[in-house]
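Each remark here refers to the structure printed beneath this line.
In the numbering used here, the protein residues as written are 52 to 153.
What follows is the structure, given as structure tokens:
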């Protein structure tokens, strides 16, 4: 499953996946409500800001901090995102593809 970012929807990318026999799921063009990773990125951003504020970091240090943030994402938070998928899908259907609370 991919979003419709240019690199994901490029002809070459699609042909590459077809050659590998990878089935690409259809995905609405702009659907952050259906993409729980957006919530994870937001959680990680908040965690990093809380721990480090606006502190400057070299790319090497930042990579380590991002890994630490990834490791710190609570399992119950992830489970909640997974469990919210039916409600997210229904909310998008009810909104006819428009914005939802997610």
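Quick reminder that beta carbons are idealized off the backbone N, C-alpha and C, glycines included.
Just so you know, these numbers come straight off a predicted model, no measurement behind them.
Inset, instruction - For residue 71, count neighbouring Cβ atoms within 10 angstroms of its own Cβ and tell me buried if that reaches 16, exposed if not. - result: exposed
Inset, instruction - Indicate whether the contact test is met: 3 or more Cβ pairs, each with one atom in the stretch 84–101 and one in the stretch 124–136, closer than 8 Å. - result: yes
Inset, instruction - Tell me the start and end of each unbroken alpha helix (DSSP H) in the stretch 54–98 that is at least 4 residues and wholly inside, in chain order. - result: 57–60 and 62–71
Legend entry - Run of the alpha helix (DSSP H) containing residue 125, from where it starts to where it stops: Premise fails: residue 125 is in no alpha helix (DSSP H) and is neither H nor E.
Legend entry - Contacts around residue 11, its chain only, beta-carbon distance under 7 Å, and the 5 residues preceding and following it disregarded: Lying before the first or after the last residue shown, residue 11 is absent from the chain, which here runs from 52 to 153.
Legend entry - Reduced DSSP secondary structure (H/G/I, E/B, other) of residue 105: coil
Legend entry - CA-to-CA distance, residue 120 to residue 111, given in whole angstroms: 15 Å
Inset, instruction - Classify residue 138 as helix, strand or coil using the three-state DSSP reduction. - result: helix
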